Amino acid sequence: MKSSVLSYEDFRQLVAERSIAYLRAALFLVQHKNERKVLTRPLVGELLSYASQVEELLDSYGARNNCRWAPFRFFTATIKLFSNISYELLHIQYSLPHYHLLPVQQDFAKSTEQTLLIIEQILKKATQYLVDEAERLKLPLSDIIIHDEFYTEKVLQGRLPQDLAIRKIETVSTTVSLLATSFLNLAAESKQILPKKQVLPSAVLNDITGPISEEKLRSLELRFHNLQSLYDTFVSATETEMLDKNLPILRGHISVVLHLLRTSRDFAHYIERHAGPTALKIVRGRKRIVEPEKLLELLCNYSIYFVIQYLTCAELLCQNMLRRYIEIDRIEVGVPPCRGFHVRPSTLISKLVLHYGSEVKMLLGDEEYDASSPLELFRANEKINALKRRSVAHEIIRLNLVPPNEKTDNIGSFTRKVIFTLAEHNKLIIYQHPLTIEDKPPAAGISLLEQVCDEIARLQVTGKIDMTTDLKVTFVGDKRVLEDIKLLAENGYGEDKFGNNIPLPERLSYLRR
């Protein structure tokens with residue numbers, strides 16, 4: 001059914017009736033445009049609430065695509081977005097004394113105040129444009145009465161007594177470990193996505209749809225929101241929270257990161273959706289409310305910068321917590337199929353152990369290795385290769401590939417034949433095709449079996465072949481770390497049997513940093 005065309009006068013009257021409180025808050029900012037620090041939570045709260053309602057009203061009647069009303073709708077969307085950013089920043093300001101944040105390189109409180117002043121100027125400009133549009137549309141501004149006390153915020157000193165009954169957690173270790181582990185994994189993923197240092201806005205101006213896009217920031221925000229909910233559901237107001245002073249500190253870091261990500265999301269949204277050439281046409285030739293470069297600077301050098309800072313210092317906090325609630329276990333897993341503990345598997349295991357910050361040992365026979373050190377794991381290859389060579393010699397004898405009285409005038413061709421037979425029995429893997437082996441006569445005084453085994457060992461050292469093995473190693477340490485090591489081993493330590501890189505499960509994505 002085709003919809004009827006709405007009369008401009010009827011729509012103007014409807015908007016006038018529904019936007020009185022909204023325009024009153026906007027006029028208040030316009031009247032105080034020469035003052036600093038006029039944003040309060042009552043003022044920003046009203047702007048945010050009423051801008052949201054008016055925007056929905058405008059959209060329900062198609063104002064977004066109407067020449068007369070599109071500018072009013074555009075400024076309303078802008079005011080809603082920057083009111084939301086302002087509310088997040090004000091929340092951070094008032095909550096800072098209770099977050100118990102660990103120290104970072106720059107003064108966070110001062111940076112937050114400076115950012116809020118910039119957003120205040122943006123809001124003043126946006127509300128001025130809105131009021132100008134309201135006058136053009138003949139919305140009744142003169143009838144609106146404004147009193148400063150409407151938006152004054154009274155702040156009381158102190159907090160209410162914490163007198164709710166304290167809950168007791170039956171599985172303290174499991175709950176705290178789950179929380180700390182979840183934070184470590186999410187922190188690693190976030191730091192993989194976000195820029196790791198302050199940057200010039202021009203460096204990311206053309207990459208806003210890349211690593212710091214609104215979509216990715218919104219996804220991270222949601223996951224930190226879920227993490228905060230996990231804490232509030234299972235840890236808040238518990239005996240464990242009272243006894244472990246690190247838990248409220250962790251809660252503060254989760255919360256501040258969440259609120260900073262919300263500001264990041266809104267900065268990115270404005271740059272992607274409201275700062276393009278289409279927006280300039282809508283606002284009828286007016287100057288931009290804010291230049292994209294300025295928002296990129298706030299996005300990168302305030303919001304994301306402090307997200308990284310607080311993630312980094314809270315990682316050590318979580319690692320220390322995990323050490324206190326550690327559950328010791330042991331697992332047995334296979335040796336990496338391709339060349340044992342060479343660079344890739346050793347590095348991945350080391351990263352995994354360092355990620356959690358707890359001690360893990362690898363046992364092979366009577367030898368013990370520090371699993372956090374790639375060099376220590378490399379050392380295990382000496383024993384692994386010796387066991388492989390012994391295993392191959394046993395297979396050569398078992399399959400009677402070098403009979404006791406066998407003679408040959410060419411060790412190279414004879415060894416090649418033995419290798420191909422072993423490969424057919426899945427006892428070794430040939431990496432070089434065609435396999436080149438030096439043709440030479442047998443040495444006097446050394447058995448043929450020894451010479452063949454020596455040639456195979458030489459080819460293994462040079463990486464042309466490798467022996468398959470069912471060798472096992474044992475890892476001992478934190479149960480949570482061992483679970484990830486087991487998952488890594490089940491996925492070939494990140495490579496196939498030929499040493500090619502393969503994808504890791506989502507749970508181990510932090511290892512690809």
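As numbered in this note's numbering, residues 1 to 513 make up the sequence shown, in order.
Note that CB positions come from ideal geometry on N, CA and C, so glycine has one too.
Values in this document were obtained by computation on a predicted structure and should not be read as measured data.
Pull up the distance between the alpha-carbon of residue i and that of residue j, whole angstroms please.
i: residue 238; j: residue 113; result: 34 Å
i: residue 515; j: residue 346; result: Within the shown structure, residues of the chain are numbered from 1 to 513, placing residue 515 beyond reach of any answer.
i: residue 156; j: residue 251; result: 24 Å
i: residue 379; j: residue 184; result: 29 Å
i: residue 54; j: residue 306; result: 34 Å
i: residue 25; j: residue 85; result: 17 Å
i: residue 312; j: residue 257; result: 11 Å
i: residue 221; j: residue 478; result: 29 Å
i: residue 229; j: residue 82; result: 25 Å
i: residue 206; j: residue 106; result: Reliability fails at residue 206, whose pLDDT of 48 lies under 50, so the model's placement of it is uncertain and the value that follows must be treated cautiously. For residue 206 and residue 106, the distance between alpha carbons rounds to 27 Å.
i: residue 20; j: residue 130; result: 13 Å
i: residue 376; j: residue 395; result: 30 Å
i: residue 386; j: residue 338; result: 15 Å
i: residue 176; j: residue 325; result: 8 Å
i: residue 507; j: residue 442; result: 53 Å
i: residue 410; j: residue 499; result: 31 Å
i: residue 195; j: residue 361; result: 34 Å
i: residue 448; j: residue 407; result: 8 Å
Look up residue i in the DSSP assignment and say whether it is helix, strand or coil.
i: residue 400; result: coil
i: residue 221; result: helix
i: residue 446; result: coil
i: residue 289; result: coil
i: residue 119; result: helix
i: residue 173; result: helix
i: residue 339; result: coil
i: residue 9; result: helix
i: residue 320; result: helix
i: residue 381; result: helix
Bridge partners of residue i, per DSSP?
i: residue 333; result: 473
i: residue 167; result: 238
i: residue 501; result: 495
i: residue 466; result: 429
i: residue 368; result: 363
i: residue 328; result: 478
Quick check: is any heavy atom of the ligand PLP less than 8 Å from the C-beta of residue i?
i: residue 305; result: The ligand PLP is not part of the structure shown, which contains no ligands of any sort.
First and last residue of the alpha helix (DSSP H) that includes residue i?
i: residue 486; result: 479-490
i: residue 437; result: Residue 437 -> no alpha helix (DSSP H), and no H or E assigned at all.
i: residue 21; result: 20-31
i: residue 100; result: Premise fails: residue 100 is in no alpha helix (DSSP H) and is neither H nor E.
i: residue 42; result: 41-60
i: residue 38; result: Residue 38 -> no alpha helix (DSSP H), and no H or E assigned at all.
i: residue 410; result: No alpha helix (DSSP H) holds residue 410; DSSP gives it neither H nor E.
i: residue 153; result: Here residue 153 belongs to no alpha helix (DSSP H), and DSSP marks it neither H nor E.
i: residue 510; result: Run containing residue 510: none; DSSP gives neither H nor E here.
In the DSSP assignment, the beta strand (DSSP E) including residue i goes from what residue to what residue?
i: residue 352; result: Element bounds for residue 352: not the beta strand (DSSP E) but the alpha helix (DSSP H), 343-356.
Contact check, residue i vs residue j under 8 Å by CB: the rounded distance?
i: residue 71; j: residue 133; result: 5 Å
i: residue 126; j: residue 75; result: 6 Å
i: residue 144; j: residue 290; result: Not quite, the Cβ-Cβ distance comes to about 26 Å (not below 8 Å), so this is no contact.
i: residue 466; j: residue 428; result: 6 Å
i: residue 518; j: residue 225; result: The chain is shown only over 1 to 513; residue 518 falls outside these bounds and no answer can be derived.
i: residue 485; j: residue 298; result: In fact, because the Cβ distance is near 41 Å, the residues do not count as touching under 8 Å.
i: residue 8; j: residue 51; result: Rounded, the Cβ-Cβ distance is 22 Å, inconsistent with contact.
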